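Single-structure report; data block below.
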Amino acid sequence: MTDTLRGSLLMVLAMGAFALEDVIIKSVAAAMPTGQVLILFGLGGMAVFAGVARAQGSALWHPGFCTRPLIWRAVAEVSGRLFFTLAIVLAPLSLASAILQATPLVVTAGAVVFFGERVGWRRWLAIVAGFAGVMMILRPGMSGFEATSLLAVAGMLGFAGRDLATRAAPRTMSNAQLGLFGFAMLAIAGGIALAWTGGAVWPTGPQTLALCATVTIGVLAYMALTGAMRLGELSVVAPFRYTRLVFAMVLGVVVFQEQPDLMTLLGSAVVVGSGVFTLLRSKTPR
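The letter at position 134 of the sequence shown is residue 134 when you use UniProt numbering, and the numbering goes up by one with no holes.
Below, the structure is given as structure tokens:
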């Protein structure tokens with residue numbers, strides 16, 4: 001098995017795990033405040049990555065946590081996690097996941113603005129087409145518009161900001177340290193949400209098991225994603241990110257009886273197609 005094939009399989013595994021993580025969070029949040037779910041999820045992930053960091057001989061605290069890129073990453077991570085979690089709880093999972101697929105397009109546009117990268121006219125057309133696909137999904141002013149879908153847009157913008165800030169993070173930071181930092185921001189996002197809504201409850205046995213499963217799946221997904229991005233040709237491996245939408249739509253139909261309409265499916269196809277084209281064209285500015 002080649003590194004590229006191994007990386008592609010790891011990417012598919014990671015996207016399936018992330019979609020399953022969303023399903024469990026959406027299910028648990030039906031009986032528990034969303035903020036509390038995020039806090040418990042974040043603390044669990046922190047504990048796992050703290051253990052990984054110590055096992056690798058890495059310090060739990062890195063001076064890079066206080067640098068400007070990591071501060072911006074923290075703000076973006078908190079907003080992205082908070083708004084996207086609210087989106088998957090309050091909106092259809094398939095709808096929120098479809099909007100999330102525009103993240104690479106926003107990252108590409110942001111790389112031009114913040115890092116001076118060159119993007120040719122073909123990729124600019126793909127970015128514009130991708131945003132048009134998002135508008136097809138949102139349908140503002142039309143009968144199919146769901147206000148809760150704007151939460152997914154806010155979450156997507158937060159994740160794009162996180163990805164851009166991560167590129168500027170100190171290279172001396174290990175993946176375990178970044179994972180620890182990311183899950184800490186998730187717990188902070190949950191604290192903000194819980195402070196606003198209140199209503200914390202003591203988890204039942206099944207809820208505790210579900211949260212433990214979420215932490216396990218989330219950590220495995222993160223590790224699989226990291227492994228995928230380090231194996232093989234990035235231009236081949238990266239487009240498999242979009243399998244998350246397929247997993248999310250199937251799980252949304254099976255678990256929550258969602259029925260994405262034709263406009264949502266068409267908009268999703270436009271967003272995914274634009275993103276794949278942008279990734280495949282990333283090696284050339286023309």
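We treat Cβ as the ideally placed atom computed from N, Cα and C, and that holds for glycine. It should be emphasised that the depicted structure is a prediction, and the values quoted were computed from it without experimental measurement.
- Query: What is the DSSP secondary structure of residue 202, counted as helix, strand or coil?
  - Reply: Residue 202 sits at position 202 when you count from the first residue of the sequence shown. Residue 202: coil per DSSP, three-state reduction.
- Message: Could you compute how far the alpha carbon of residue 162 sits from the alpha carbon of residue 178?
- Response: Residue mapping note: residue 162 aligns to position 162 of the sequence shown, counting from 1. Residue mapping note: residue 178 aligns to position 178 of the sequence shown, counting from 1. Going from the Cα of residue 162 to the Cα of residue 178 covers about 11 Å.
- Query: What are the boundary residues of the alpha helix (DSSP H) that includes residue 230?
  - Reply: As a working mapping, residue 230 is identified with position 230 in the sequence shown. No alpha helix (DSSP H) contains residue 230, which DSSP labels as neither H nor E.
- Would you mind sorting residue 22 into buried or exposed? The rule is 16 or more other CB atoms within 10 Å of its CB. Here residue 22 refers to the residue found at position 22 of the sequence shown. Residue 22 comes out buried.
- Query: Do you know offhand how far residue 12's Cα is from residue 241's?
  - Reply: Indexing the sequence shown from 1 puts residue 12 at position 12. Indexing the sequence shown from 1 puts residue 241 at position 241. For residue 12 and residue 241, the distance between alpha carbons rounds to 7 Å.
- Where does residue 197 sit, in a helix, a strand or coil, going by DSSP? Here residue 197 corresponds to residue number 197 of the sequence shown, with the count starting at 1. Residue state, collapsed to three classes: helix.
- Query: What three-state label does DSSP hand residue 4 in the structure shown?
  - Reply: Locating residue 4 in the sequence shown gives position 4, where the first residue counts as 1. DSSP places residue 4 in helix when its eight states are reduced to three.
- Task: Check whether the region 199–208 touches the region 128–143, counting contact only when three or more Cβ pairs, one atom from each stretch, lie closer than 8 Å.
- Result: no
- Outcome for residue 57 when other beta-carbon atoms lying within 10 angstroms are tallied against a minimum of 16: Position 57 of the sequence shown, counting from 1, holds the residue named residue 57. Answer is exposed; the Cβ neighbour count stays below 16.
- Item | Which of helix, strand or coil DSSP assigns to residue 159 | Reading the sequence shown from its first residue, position 159 is the one you call residue 159. Reduced to three states, the DSSP call for residue 159 is helix.
- Query: Who are the near neighbours of residue 176 in its chain, counting only those whose CB is closer than 7 Å to its CB and skipping five residues on each side?
  - Reply: For the purposes of this step, residue 176 is taken as residue 176 along the sequence shown, with counting starting at 1. The residues are 49, 52, 53, 56 and 58.
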